[in-house]
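What follows is one structure encoded as structure tokens, with my remarks underneath.
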Amino acid sequence: MKLTFSLVFLHILMISLWASAFPVIQIGLESFSPQHLAFVRLSIASVVLLVIAIATRMSLPDIKDIPLLLALGFLGFTVYHTALNIGEKTVSAGIASLLISTTPIFSSLLAIFLFQEEFGKRKWIGSAVSFAGIVLLTFSKENFVHSVNGILLVLLAALAESVYIVCQKNLLKKYGFLSFVTYSIWGAAISMLVFLPGLETELAYISVRSAISVIYLGLFPTVIPYMVLAYLTSRIGSAEAAISLYLTPALSFFLAWLLLKDIPSAASIAGSIITLCGVLLTHSKRKVVVKETMFTMQR
Numbered sequence: 000m001k002l003t004f005s006l007v008f009l010h011i012l013m014i015s016l017w018a019s020a021f022p023v024i025q026i027g028l029e030s031f032s033p034q035h036l037a038f039v040r041l042s043i044a045s046v047v048l049l050v051i052a053i054a055t056r057m058s059l060p061d062i063k064d065i066p067l068l069l070a071l072g073f074l075g076f077t078v079y080h081t082a083l084n085i086g087e088k089t090v091s092a093g094i095a096s097l098l099i100s101t102t103p104i105f106s107s108l109l110a111i112f113l114f115q116e117e118f119g120k121r122k123w124i125g126s127a128v129s130f131a132g133i134v135l136l137t138f139s140k141e142n143f144v145h146s147v148n149g150i151l152l153v154l155l156a157a158l159a160e161s162v163y164i165v166c167q168k169n170l171l172k173k174y175g176f177l178s179f180v181t182y183s184i185w186g187a188a189i190s191m192l193v194f195l196p197g198l199e200t201e202l203a204y205i206s207v208r209s210a211i212s213v214i215y216l217g218l219f220p221t222v223i224p225y226m227v228l229a230y231l232t233s234r235i236g237s238a239e240a241a242i243s244l245y246l247t248p249a250l251s252f253f254l255a256w257l258l259l260k261d262i263p264s265a266a267s268i269a270g271s272i273i274t275l276c277g278v279l280l281t282h283s284k285r286k287v288v289v290k291e292t293m294f295t296m297q298r
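Printed below as a string of structure tokens:
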């Protein structure tokens with residue numbers, strides 16, 4: 000299908016919103032703990048999705064599916080956002096975005112063990128190249144211990160996201176993209192109620208900058224891109240809708256420089272390029288599971 004102006008605009012909107020989440024998270028962390036930032040972000044998104052669910056008369060999930068929806072929401076949103084936020088205390092926004100882009104690799108590896116899917120030679124080579132890039136990123140930091148901890152936490156977020164993606168297939172087919180994501184976020188918000196204590200103290204001293212950032216995170220990167228992606232998928236197909244997401248890390252680096260004055264070192268740039276090349280190599284001639292993986296790898 001020929002790309003019209005509106006389709007190009009929607010691609011740009013989707014990439015921009017997801018890329019912006021990474022530097023904006025660091026602004027939110029100026030006033031919030033990582034756990035509270037994730038809780039408030041998902042709470043705002045849950046309220047927005049509740050309004051959408053009522054307006055669209057979204058049906059409730061079957062009772063038998065609720066345990067799995069809660070588990071996937073916990074992994075794909077609670078663990079993902081909490082680990083990512085903690086990781087971004089010591090890892091730059093651009094590098095965090097790049098590390099999250101390795102989610103399709105984890106998803107493919109999980110698919111091997113869970114569903115005996117094939118993992119060809121190209122994918123093994125791509126995974127090794129990405130791992131080499133991550134090692135270079137790790138050693139590019141002056142504070143090695145903090146760098147390792149932060150990178151491992153962001154990779155934990157990517158791993159949790161990959162489990163969410165690999166195990167979502169049947170529910171996604173049954174409920175559709177928007178409904179499934181809505182149920183997942185609601186489930187995550189419920190599990191994050193354990194982080195409620197102490198939030199009132201942080202809210203009492205929140206800066207305007209951090210308040211705007213968490214509202215932005217809840218309203219925009221957590222909700223709108225999913226609607227855009229669902230629309231693009233219906234218009235141009237999953238592969239074409241997802242391919243532009245490879246631009247997200249590059250835009251995150253730019254926005255981190257613009258908003259945070261975060262200038263990556265030469266070693267960080269080299270490691271980032273190597274890691275991204277590995278991701279691209281892994282997903283050339285990709286299968287269906289990888290197409291689905293691209294949908295939720297940038298949040």
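Under numbering that gives the first Met the number 0, the first residue of the sequence shown is numbered 0, with each subsequent residue one higher.
C-beta atoms are modelled at their ideal positions from N, C-alpha and C, and glycine is treated no differently.
Assigned exposure category for residue i - 16 Cβ within 10 Å defines buried
{"i": "Pro263", "result": "buried"}
{"i": "Arg40", "result": "buried"}
{"i": "Leu192", "result": "exposed"}
{"i": "Phe21", "result": "buried"}
{"i": "Leu228", "result": "buried"}
{"i": "Pro66", "result": "exposed"}
{"i": "Pro196", "result": "exposed"}
{"i": "Leu275", "result": "buried"}
{"i": "Ser42", "result": "buried"}
{"i": "Ala54", "result": "exposed"}
{"i": "Ser91", "result": "buried"}
{"i": "Leu254", "result": "buried"}
{"i": "Tyr204", "result": "exposed"}
{"i": "Ile325", "result": "The structure shown has nothing for residue 325, since the chain only spans 0 to 298."}
{"i": "Ser5", "result": "exposed"}
{"i": "Ser206", "result": "exposed"}
{"i": "Leu59", "result": "exposed"}
{"i": "Gly119", "result": "exposed"}
{"i": "Val50", "result": "exposed"}
{"i": "Ala187", "result": "buried"}
{"i": "Leu109", "result": "buried"}
{"i": "Leu74", "result": "buried"}
CB contact flag (residue i, residue j, <8 Å)
{"i": "Ser161", "j": "Phe105", "result": "yes"}
{"i": "Leu28", "j": "Asn84", "result": "yes"}
{"i": "Leu231", "j": "Ala157", "result": "no"}
{"i": "Gly175", "j": "Gly270", "result": "no"}
{"i": "Pro220", "j": "Gly93", "result": "no"}
{"i": "Gly72", "j": "Leu152", "result": "no"}
{"i": "Ser129", "j": "Thr102", "result": "no"}
{"i": "Ser209", "j": "Ser30", "result": "yes"}
{"i": "Thr181", "j": "Ala18", "result": "no"}
{"i": "Leu170", "j": "Asp261", "result": "no"}
{"i": "Leu69", "j": "Ser190", "result": "yes"}
{"i": "Ser178", "j": "Met13", "result": "no"}
{"i": "Gly149", "j": "Thr77", "result": "no"}
{"i": "Val47", "j": "Leu198", "result": "no"}
{"i": "Ile273", "j": "Leu135", "result": "yes"}
{"i": "His10", "j": "Glu201", "result": "no"}
{"i": "Ser126", "j": "Gly277", "result": "yes"}
{"i": "Ile26", "j": "Ser212", "result": "yes"}
Integer-rounded CB distance, given that residue j should sit under 8 Å from residue i
{"i": "Ala159", "j": "Ala82", "result": "7 Å"}
{"i": "Leu216", "j": "Ile24", "result": "7 Å"}
{"i": "Ser107", "j": "Lys122", "result": "6 Å"}
{"i": "Leu280", "j": "Ile164", "result": "About 20 Å; that fails the 8 Å criterion."}
{"i": "Phe38", "j": "Phe194", "result": "5 Å"}
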